[in-house]
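Our numbering applies: residue 1 is where the sequence shown begins, and numbers increase by one.
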Amino acid sequence: MNDLLDPLLLSRWQFGLTTIYHFLFVPLTIGLALTVAIFQTAWVRTGHLKYLQITKFFGKIFLINFAMGTVTGIVQEFQFGMNWSDYSRFVGDVFGAPLALEGLLAFFLEATFIGLWIFGWDRLPKKLHLATIWVTALASILSAYFIIAANSFMQNPVGYQINEAKGRAELTDIWALLTNKVALAAFPHTIFACFMVSAALIVCAAAWHLSRNQHLDTMRPALKFGLWMMVIAGTLTFLSGDQLGLAMVQTQPMKMAAAEALYNTSTGANASFSIFTLGTPDGVSELFSIRIPYLLSFLSTHTFDGTVEGINDLQAQYTQLYGPGDYTPTIWVTYWAFRYMIAFGVLAVMIAVGGLWFTRKGRMPKKRWIWKVAIWSMPLPLAAMIVGWVFTEMGRQPWIVFSLLKTQDAVSPNTTGLEVLISLIAFTLVYGTLAVVEFRLIKKAIQKGPDQAPQPDAETGEVKHEATVY
Numbered sequence: 001m002n003d004l005l006d007p008l009l010l011s012r013w014q015f016g017l018t019t020i021y022h023f024l025f026v027p028l029t030i031g032l033a034l035t036v037a038i039f040q041t042a043w044v045r046t047g048h049l050k051y052l053q054i055t056k057f058f059g060k061i062f063l064i065n066f067a068m069g070t071v072t073g074i075v076q077e078f079q080f081g082m083n084w085s086d087y088s089r090f091v092g093d094v095f096g097a098p099l100a101l102e103g104l105l106a107f108f109l110e111a112t113f114i115g116l117w118i119f120g121w122d123r124l125p126k127k128l129h130l131a132t133i134w135v136t137a138l139a140s141i142l143s144a145y146f147i148i149a150a151n152s153f154m155q156n157p158v159g160y161q162i163n164e165a166k167g168r169a170e171l172t173d174i175w176a177l178l179t180n181k182v183a184l185a186a187f188p189h190t191i192f193a194c195f196m197v198s199a200a201l202i203v204c205a206a207a208w209h210l211s212r213n214q215h216l217d218t219m220r221p222a223l224k225f226g227l228w229m230m231v232i233a234g235t236l237t238f239l240s241g242d243q244l245g246l247a248m249v250q251t252q253p254m255k256m257a258a259a260e261a262l263y264n265t266s267t268g269a270n271a272s273f274s275i276f277t278l279g280t281p282d283g284v285s286e287l288f289s290i291r292i293p294y295l296l297s298f299l300s301t302h303t304f305d306g307t308v309e310g311i312n313d314l315q316a317q318y319t320q321l322y323g324p325g326d327y328t329p330t331i332w333v334t335y336w337a338f339r340y341m342i343a344f345g346v347l348a349v350m351i352a353v354g355g356l357w358f359t360r361k362g363r364m365p366k367k368r369w370i371w372k373v374a375i376w377s378m379p380l381p382l383a384a385m386i387v388g389w390v391f392t393e394m395g396r397q398p399w400i401v402f403s404l405l406k407t408q409d410a411v412s413p414n415t416t417g418l419e420v421l422i423s424l425i426a427f428t429l430v431y432g433t434l435a436v437v438e439f440r441l442i443k444k445a446i447q448k449g450p451d452q453a454p455q456p457d458a459e460t461g462e463v464k465h466e467a468t469v470y
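In structure tokens:
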């Protein structure tokens, strides 16, 4: 019973679950903002009303998602004070800077200009109104950068000094913090992955309507856009992931070793990458595996004869540096999360490539299973992002701030397990209800499809938008 009411364990579960839930909305917000901006630009430049219909169609979904993401994001910051007060005290001076920039600069711009975009139809000049959604899209990306910069301090602490008297880290170089090598590598990888999630939703919505032979004028270009967006964003995600892997090896070699369950330091052909393994969950005993020689060495060092440090050697090094303790993350979590992340992402891109082939030269697939695959592939890139986040955070354990503060030392000392359990149950019930509401609203918006194209005014030739309801 004491283990079930362990404040540390329950706080970790609560933060993990609420963060994953919040993360369901973030990629769609970032990806759909850019999508809406691109389609509205196409309408402004060409005057084709189908692009206006697509803009408003995905604009509704974007706004539903944005509202839910804002509500759930607020809860995340409350937890720093409620469950992780020792963490907040230790890193508050450092962590607060990028979070303040995110709130006061990026989110302020995003919230302001999204309001101008919603209420600016027919009130702002067409090009100025277009600029508001572009500022919204860029502000959402900027917001992501500040959050990633804050998280990157937890992966690779830079730009700080330890105040021994106060027992906390204090910011000394904001530029070093914002140009952290982990942040510079993680940012493009995350953003391109967000575009993959947005592309998956576009493909799903377009495929649903095209499979029913409806809204052809708008859903055909939307499908093409989504498929190409998935392929391009997927390719860029894999390339940027390679750079993030190099940064990870330089700053957190234990995480890369845990990703492969590599216990002994290996070089060249011995530093192989296992596509699939049967054995014990922690990788100690292996019964069968499919391996690619040299691949782990190449991923870690960009050379085929590079040395990859193993878990055992790193454990010995960390014990000397930081004192007695277990510095190994949960191997089965990191091992499989790393592979699921790659597998889900690759599968999503492969489906998009297949979609481009089946719809080449304006073809419309006749077989129902093709449309079903397109529709049900929607969760793949989102699942890849979620397990990627799990890998990133779980692979850092037992540290909450790598090399500076352990997770067990960061939990609020005066918070009881029962209090955390009650709030965890409450959050789960509320979030579960909100998830149903969110899903139904988006599903309803998708199934309704684009509104009828507004007719230009007979005298001025301008398109009126007053009847549009968001």
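Beta carbons are placed, not taken as given, at the ideal position from N, Cα and C, and that holds for glycine.
Continuous beta strand (DSSP E) stretch holding residue i: start and end
i: Q161; result: 160 to 163
i: E170; result: 168 to 171
Counted within 10 angstroms of its Cβ, other Cβ atoms place residue i as buried (16 or more) or exposed
i: F119; result: exposed
i: N499; result: As shown, the chain starts at 1 and ends at 470. That puts residue 499 outside it, with no answer to give.
i: E466; result: No answer about E466 holds up, because its pLDDT of 46 lies below 50 and its placement is not dependable.
i: T46; result: exposed
i: A233; result: buried
i: M1; result: Interpretation of M1 is limited by its pLDDT of 46, a score under 50 that renders its predicted location unreliable; the figure taken from the coordinates is listed afterwards. M1 is exposed by the Cβ-count criterion.
i: P125; result: exposed
i: Y470; result: Its pLDDT being 46, under 50, Y470 is placed unreliably in this model, and the value from its coordinates should be taken loosely. It is exposed - the Cβ of Y470 has fewer than 16 other Cβ atoms within 10 Å.
i: I162; result: exposed
i: L177; result: buried
i: P324; result: exposed
i: Q155; result: buried
i: V135; result: buried
i: Q408; result: exposed
i: E110; result: buried
i: W175; result: exposed
i: P253; result: buried
i: T237; result: buried
i: F113; result: buried
i: I202; result: buried
i: P7; result: buried
i: H302; result: exposed
i: T319; result: exposed
i: P98; result: buried
i: N213; result: exposed
i: R339; result: buried
Element boundaries [alpha helix (DSSP H), containing residue i]
i: A343; result: 331 to 358
i: P27; result: 26 to 46
i: K255; result: 253 to 260
i: Y21; result: 7 to 23
Under 8 Å between C-beta atoms of residue i and residue j
i: A186; j: S143; result: no
i: M341; j: G388; result: yes
i: L321; j: L347; result: no
i: M394; j: A337; result: yes
i: G306; j: A257; result: no
i: I54; j: F39; result: yes
i: N83; j: V411; result: yes
i: A484; j: M378; result: Summary: the structure shown does not reach residue 484, with the chain confined to residues 1 through 470, and so no result is reported for it.
i: V182; j: A247; result: yes
i: Q14; j: L405; result: no
i: Y51; j: A37; result: no
i: G31; j: F195; result: yes
Reduced DSSP secondary structure (H/G/I, E/B, other) of residue i
i: S272; result: coil
i: T267; result: strand
i: T433; result: helix
i: M1; result: For M1, the predicted model reports a pLDDT of 46, less than 50, meaning its position is unreliable; a value from the coordinates is still stated below. Here M1 sits in coil by DSSP.
i: T277; result: strand
i: G325; result: coil
i: T468; result: Confidence at T468 is low in this model, with a pLDDT of 46, below 50, so the placement of that residue should be treated as unreliable; the coordinate-derived value is given next. In the structure shown, T468 sits in coil (DSSP, three-state: anything other than H, G, I, E or B).
i: Q320; result: helix
i: Q452; result: coil
i: L49; result: helix
i: K56; result: helix
Beta carbon proximity, residue i to chain C, threshold 8 Å
i: P253; result: The displayed structure is made up of one protein chain only, and chain C is not part of it.
* Complete runs of the beta strand (DSSP E) confined to the stretch 363 to 424 [at least 3 residues] -> 399 to 401
* Length-filtered (4 minimum) alpha helix (DSSP H) runs lying within the stretch 66 to 152 -> 85 to 101, 108 to 119
* Taking only runs that begin and end inside the stretch 288 to 313, name each unbroken alpha helix (DSSP H) of 4 or more residues, in chain order. => 295 to 301
* Fully enclosed by the stretch 178 to 243, which beta strand (DSSP E) runs are 3 residues long or longer? -> none
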